Amino acid sequence: MLQKRGPKSKFYPRGSDAKTLITTILSAQKTVVIPKDESIVREMLVEIASYARDLERQLEQFSEQRIQRSSASPVSKPSPLYDSQDEDEAHELLILQTQTLRLDNALYNKHLGKSSHFMLLKTALNIRDEAGAGSNGVIEVETEKSKSWSRAFWHRFPPEPVDPPYEFPEPDLLRKLIDLYFDKHHPIYPVLHRPSFERLVYVDNLHLTNRRFGAVVLVACALGSRLSDDPRTLYDGTQDIRSAGWKYYGQVRLISTSLSEPLTLYDVQLYALSLVFLFPTPAHDAAWFLLALGIRSAQDHGVYRKTNFKKRMSSRFEEEQWRRAFWNLAATDLYMSIATGRPRSTREDDFDLELPPDCDDEYWEIPSHPHLEYIQPIGKPSLMSYWHYFVKLLHIAGLVKDHLFTTRKSALWENSPPDGNDKIVMELDSALNSWMDELPDHLKWDPHRSDDLLFSQSVSLHSNYYWVQIQLHKVFIRPGPLNTGNFPSLAICTNAARSYIHILQACFARPGMPLLPHYIAPTFIAAVILLINLWTSLRDKTRYDPRKDMADVYSCVDHLRAYEKRYEQAGRLHDVLEAVMSVSKMPPPSQKESLKRSRDPQPAQTNLSMPDNSCHKQMP
Numbered sequence: 201m202l203q204k205r206g207p208k209s210k211f212y213p214r215g216s217d218a219k220t221l222i223t224t225i226l227s228a229q230k231t232v233v234i235p236k237d238e239s240i241v242r243e244m245l246v247e248i249a250s251y252a253r254d255l256e257r258q259l260e261q262f263s264e265q266r267i268q269r270s271s272a273s274p275v276s277k278p279s280p281l282y283d284s285q286d287e288d289e290a291h292e293l294l295i296l297q298t299q300t301l302r303l304d305n306a307l308y309n310k311h312l313g314k315s316s317h318f319m320l321l322k323t324a325l326n327i328r329d330e331a332g333a334g335s336n337g338v339i340e341v342e343t344e345k346s347k348s349w350s351r352a353f354w355h356r357f358p359p360e361p362v363d364p365p366y367e368f369p370e371p372d373l374l375r376k377l378i379d380l381y382f383d384k385h386h387p388i389y390p391v392l393h394r395p396s397f398e399r400l401v402y403v404d405n406l407h408l409t410n411r412r413f414g415a416v417v418l419v420a421c422a423l424g425s426r427l428s429d430d431p432r433t434l435y436d437g438t439q440d441i442r443s444a445g446w447k448y449y450g451q452v453r454l455i456s457t458s459l460s461e462p463l464t465l466y467d468v469q470l471y472a473l474s475l476v477f478l479f480p481t482p483a484h485d486a487a488w489f490l491l492a493l494g495i496r497s498a499q500d501h502g503v504y505r506k507t508n509f510k511k512r513m514s515s516r517f518e519e520e521q522w523r524r525a526f527w528n529l530a531a532t533d534l535y536m537s538i539a540t541g542r543p544r545s546t547r548e549d550d551f552d553l554e555l556p557p558d559c560d561d562e563y564w565e566i567p568s569h570p571h572l573e574y575i576q577p578i579g580k581p582s583l584m585s586y587w588h589y590f591v592k593l594l595h596i597a598g599l600v601k602d603h604l605f606t607t608r609k610s611a612l613w614e615n616s617p618p619d620g621n622d623k624i625v626m627e628l629d630s631a632l633n634s635w636m637d638e639l640p641d642h643l644k645w646d647p648h649r650s651d652d653l654l655f656s657q658s659v660s661l662h663s664n665y666y667w668v669q670i671q672l673h674k675v676f677i678r679p680g681p682l683n684t685g686n687f688p689s690l691a692i693c694t695n696a697a698r699s700y701i702h703i704l705q706a707c708f709a710r711p712g713m714p715l716l717p718h719y720i721a722p723t724f725i726a727a728v729i730l731l732i733n734l735w736t737s738l739r740d741k742t743r744y745d746p747r748k749d750m751a752d753v754y755s756c757v758d759h760l761r762a763y764e765k766r767y768e769q770a771g772r773l774h775d776v777l778e779a780v781m782s783v784s785k786m787p788p789p790s791q792k793e794s795l796k797r798s799r800d801p802q803p804a805q806t807n808l809s810m811p812d813n814s815c816h817k818q819m820p
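Counting in the numbering used here, the sequence shown runs from 201 upward without gaps.
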């Protein structure tokens with residue numbers, strides 16, 4: 201027997217009621233009396249919001265009509281199958297209507313994509329309205345008498361175990377570690393917003409009352425500890441410098457047992473920072489799962505869609521913090537997928553979120569001049585410009601992975617002519633060259649640049665440029681005959697490896713440059729490329745003096761040995777190189793060349809004989 205579920209759905213006409221409600225509110229001589237019934241208040245808010253949305257649509261349509269009438273061109277573009285703007289508005293309406301449910305509001309406040317079941321329902325309702333079979337009003341679904349909407353006790357996860365209070369560093373050490381994080385890590389991977397973060401720590405003491413924010417503070421301290429020589433950062437009971445920061449990071453509960461609870465901005469920031477801390481350690485496997493959880497959490501908040509994302513944030517300030525966290529997760533996702541040879545959790549086709557604003561942290565909030573907020577002063581290079589060009593470079597790396605390292609060939613490859621592979625490589629090479637040409641002056645390579653922050657960002661960009669170039673061409677380096685196509689891929693990779701090593705030499709020749717972990721794996725790759733070039737030349741009996749390359753190989757070994765003191769990943773890769781070289785015939789490096797490079801650490805200048813159809817440039 202079917203149980204009665206209460207009264208039928210109610211329909212509230214939009215337009216006239218909203219106008220009456222607005223008139224009543226604005227004409228009231230005294231404060232408007234708010235109804236005690238929450239459902240009535242909800243209906244009022246939804247009615248006003250829907251009315252405002254209709255007015256926005258009418259205004260946009262009117263503006264478009266004026267533009268079309270004033271346009272001299274009679275040519276009109278065909279309308280796309282899906283209009284992203286209308287699509288986003290439909291999603292927002294669904295979310296708004298879902299919020300009228302009285303049970304588990306936080307649970308149902310989710311972002312809905314175009315393939316969701318509710319989007320199909322929205323389409324059905326639109327068609328119903330076009331047929332005159334219903335009303336345009338908000339549908340109120342009665343849920344109080346239905347067990348389908350409520351959570352029974354067996355649906356609940358066990359309560360979180362009571363964790364002991366966090367143990368933060370001493371006040372003086374806390375400030376030093378936070379400064380180290382923002383001075384060294386933040387310019388390369390900008391996750392947090394420094395002024396507001398420091399205000400929450402030093403003024404509001406939020407880390408002492410909010411455990412999720414406290415966890416973010418602990419991980420920031422853990423990252424700062426990696427670059428500190430203070431013995432107080434070491435794990436209790438050991439003097440091993442590789443334990444630095446673990447006494448803080450080990451206190452953090454990364455995953456809640458109650459997975460049904462929505463994750464907050466602090467959770468996503470926590471995951472983004474944890475990836476940087478965990479990846480160069482023996483616990484790097486955990487980073488892979490945290491990465492997916494962080495991306496799914498951001499998607500759950502609709503952060504990957506630019507229009508809905510803005511509407512769901514309470515302020516521009518909150519919006520920009522989410523934007524930073526998501527882009528860091530997406531960048532790390534690509535890095536880790538290339539390093540492990542696994543698929544990404546999200547790709548560029550999955551999101552259209554805009555990049556963070558190209559302005560420094562101190563220009564986010566200007567209470568005295570709010571019209572100048574998020575605007576970089578003219579003539580002052582922004583440190584966030586680096587991040588924009590870094591993401592553009594990673595976009596090219598993503599195309600390399602998607603087209604050259606897929607399990608199944610894409611349609612672009614399947615339907616391409618025999619020389620299609622060469623065309624793809626040429627286009628990606630051209631994209632790399634264009635990226636290099638577009639760099640602003642303050643990010644171009646200059647080993648003598650006086651500003652350490654800009655120099656550090658330049659090192660990161662240019663070293664990653666050569667890393668991406670190696671990713672593009674290493675797929676064509678195989679055992680057997682040297683000729684694998686129309687590109688001298690081994691020569692290109694060898695030149696890129698030399699240039700990468702010499703940039704790294706210039707970096708570490710400067711006092712105060714931090715041992716950031718993202719140079720570890722590329723250093724190993726550069727050494728392997730040079731060894732391949734050495735052994736290929738020996739196999740093919742070409743005229744080749746290996747001593748210069750051997751000097752660079754031993755330079756890689758030295759860099760990994762320096763990193764080994766703080767990062768276990770560097771020690772592992774160093775051990776692998778030493779083991780391979782110990783059982784191979786390795787010519788010694790030229791002492792003269794080694795001394796010369798240590799005095800003048802410049803990127804390699806190697807002339808390559810390129811085919812006429814190549815879009816490569818000589819290395820800078």
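Note that the Cβ used here is the ideal one computed from N, Cα and C, for glycine as well.
Since we're looking at a predicted model, the values are computed, not measured.
- Annotation for P787: P746, R747, M750 place their beta carbon closer than 7 Å to its own, counting only its chain and skipping 5 residues before and after.
- Relative to the Cα of S396, the nearest Cα in the group N405, Y763, K384 belongs to N405.
- Annotated three-state conformation of Y466 is helix, per DSSP.
- Counting of Cβ neighbours within 10 angstroms places D561 among the buried residues, the total reaching 16 or more.
- Judged by DSSP in its simplified three-state form, K765 adopts coil rather than helix or strand.
- Shown here, S755 sits in a helix according to DSSP, grouped into three states.
- In terms of Cβ geometry, Q469 and E367 do not form a close pair [threshold 9 Å].
- The DSSP-derived three-state label of Q521 is helix.
- Residue burial is scored here from C-beta neighbours: T438 has fewer than 16 other C-beta atoms within 10 angstroms and is therefore classed as exposed.
- In its chain, beyond the 5 residues on either side, H642 have a beta carbon closer than 6 Å to the beta carbon of P581.
- Residues of the same chain with a CB within less than 6 Å of the CB of S755, apart from the 5 flanking positions on each side, are I701 in chain order.
- One thing to note: G445 has its Cβ within 9 Å of the Cβ of F477.
- Take the alpha-carbon of V780 and the one of A597: they are about 28 Å apart.
- The alpha helix (DSSP H) runs of length 4 or more contained entirely in the stretch 626 to 703 are, from start to end of the chain, 652 to 674.
- Counted as a single uninterrupted DSSP element, the alpha helix (DSSP H) harbouring R394 occupies residues 394 to 398.
- The stretch 625 to 636 and the stretch 589 to 603 touch, with no fewer than 3 CB-CB distances between them shorter than 8 Å.
- If you draw a straight line from the Cα of S660 to the Cα of S456, it comes to about 35 Å.
- Residue state for G424 is assigned as helix, using DSSP reduced to three classes.
- The beta-carbon distance between L553 and R523, rounded to whole angstroms, is 6 Å. This is short enough to meet the 8 Å contact definition.
- In the structure shown, D329 adopts helical secondary structure according to DSSP, grouped into three states.
- Sorting P567, G541, D549 by C-alpha distance to the C-alpha of L604 places G541 at the top.
- Annotation for D646: no residue places its beta carbon closer than 6 Å to its own, counting only its chain and skipping 5 residues before and after.
- One thing to note: S545 has its Cβ no nearer than 9 Å to the Cβ of D558.
- Ranking S699, R698, I670, P577 by CA distance to the CA of S689 puts I670 first.
- In the assembly as shown, R739 is an exposed residue. Its beta-carbon has fewer than 16 other beta-carbons within 10 Å.
- Excluding the 5 residues flanking it on each side, Y563 has same chain C-beta neighbours closer than 8 Å at L572, E573, Y574, I575, Q576, P577, in chain order.
- Rounded to whole angstroms, the gap between the alpha carbons of I248 and V241 is 11 Å.
- The closest CA to that of M636, considering only P365, Y589, R496, is found on Y589.
- Rounded to the nearest angstrom, the Cβ distance from W667 to P717 is 14 Å, too far for a contact under 8 Å.
- When the Cα atoms are used, A487 and H385 turn out to be separated by approximately 18 Å.
- Buried is the label assigned to D752, since at least 16 other Cβ atoms lie within 10 Å of its Cβ.
- Check the Cα spacing between G771 and each of K644, M536, P482: the tightest is with P482.
- With a cutoff of 9 Å on beta-carbon distance, H662 and S699 are scored as near each other.
- Taking C-beta separations shorter than 8 Å and ignoring five residues to either side along the sequence, the partners of Q657 in its chain run P387, I388, L583, Y586, L643, following chain order.
- Per DSSP, reduced to three states, the secondary structure at T409 is coil, with no helix or strand assignment.
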